[in-house]
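*Asks:* Encoded as structure tokens, here's the structure I'll be asking about.
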Amino acid sequence: MSASGRRIVTEGAMKHFRADPPVSKLLMLILLCLLSGVLKAASERQPDWFSEPYAYVLVDQDIRGALTEFGQHLGLIVVFSEKVRRNARGTVRGEDAGEFLTRLCDANQLSWYFDGNVLHIAGADEVATRVFDLQGLRLEELQRYIARVE
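Sequential numbering of the sequence shown, starting at 228, is according to our numbering.
In structure tokens form, the structure reads like this:
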């Protein structure tokens, strides 16, 4: 064992370093903290098109048609769930694309998600968040849950 707490294992011409269990746990904790920070920053970042000017006023118009035009104007692919099938309620306007989309969705109980390539639009009642406690959870249990949801 070296002074740094690492074991050196020699196999052929390659050397592998293995950290002692307490060091491994500390390294894993640091890695998880860094990863969670990156994921949090990515989730708080708005898409590039969000701040694009979008001077459009929607008055009693089909939601699918309005959002299809929205996507065409911004160069986005828009995918709708089956429940998005009615006229918009009220008058909706925004200074930029993000404000317009947010107001339209809020006024009509819709939810949106942009995966980096496609803008997904669904009814707010179709979307849910579930947190999994991975302590002791087996992969098969998670797969069964996901299969039931689909």
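We put the beta carbon where it would ideally sit given N, CA and C, even for glycine. Predicted model only: the values in this text are computed from it and were never measured.
1) Can you name the start and end residues of the alpha helix (DSSP H) that Gly292 belongs to?
2) Taking 7 Å as the limit between beta carbons, can you name the residues of its chain near Gln273, skipping five residues before and five after?
3) Look at the alpha carbon of Met290 and the alpha carbon of Arg312, and state the distance between them as a whole number of angstroms.
4) Here's the rule I'm using: 16 or more other beta-carbon atoms within 10 Å means buried, otherwise exposed. How should Asn344 be labelled?
5) Taking Asp333 as part of the alpha helix (DSSP H), name the residues at either end of that continuous run.
6) Under 7 Å Cβ to Cβ from Leu294, same chain only, skipping five residues before and after it: list those, please.
7) Cα separation between Thr356 and Asp275?
8) Tell me whether Leu369 is buried or exposed, calling it buried when 16 or more other Cβ atoms sit within 10 Å of its Cβ.
9) Take the Cβ of Tyr281 as the centre, count every other Cβ of all protein chains shown within 10 Å, and call the residue buried at 16 or more, exposed below.
*Replies:* A quick look at the data gives this:
1) In the sequence shown, counting from the first residue as 1, residue 292 sits at position 65. Note, Gly292: alpha helix (DSSP H), 290-301.
2) As a working mapping, residue 273 is identified with position 46 in the sequence shown. Closer than 7 Å at the Cβ level, and outside the excluded window around Gln273, lie Gly325.
3) Here residue 290 corresponds to residue number 63 of the sequence shown, with the count starting at 1. Here residue 312 corresponds to residue number 85 of the sequence shown, with the count starting at 1. Per the sequence presented here, residue 290 reads as Ile, with Met not at that position. In this structure, the CA atom of Ile290 is about 7 Å from the CA atom of Arg312.
4) Residue mapping note: residue 344 aligns to position 117 of the sequence shown, counting from 1. When all chains shown are included, Asn344 counts as exposed.
5) On the sequence shown, residue 333 is found 106 positions in, with the first residue counted as 1. Element bounds for Asp333: 324-334.
6) Against the sequence shown, residue 294 aligns to sequence position 67. Contacts found: Val305, Ile348.
7) Here the question's residue 356 lines up with position 129 in the sequence shown. Here the question's residue 275 lines up with position 48 in the sequence shown. Distance between the alpha carbons of Thr356 and Asp275: 25 Å.
8) Sequence index remark: in the sequence shown, residue 369 carries index 142 (1-based). Exposed, by the Cβ-count rule.
9) Counting from 1 along the sequence shown, the entry for residue 281 is found at position 54. With 16 or more other Cβ atoms within 10 Å, it is buried.
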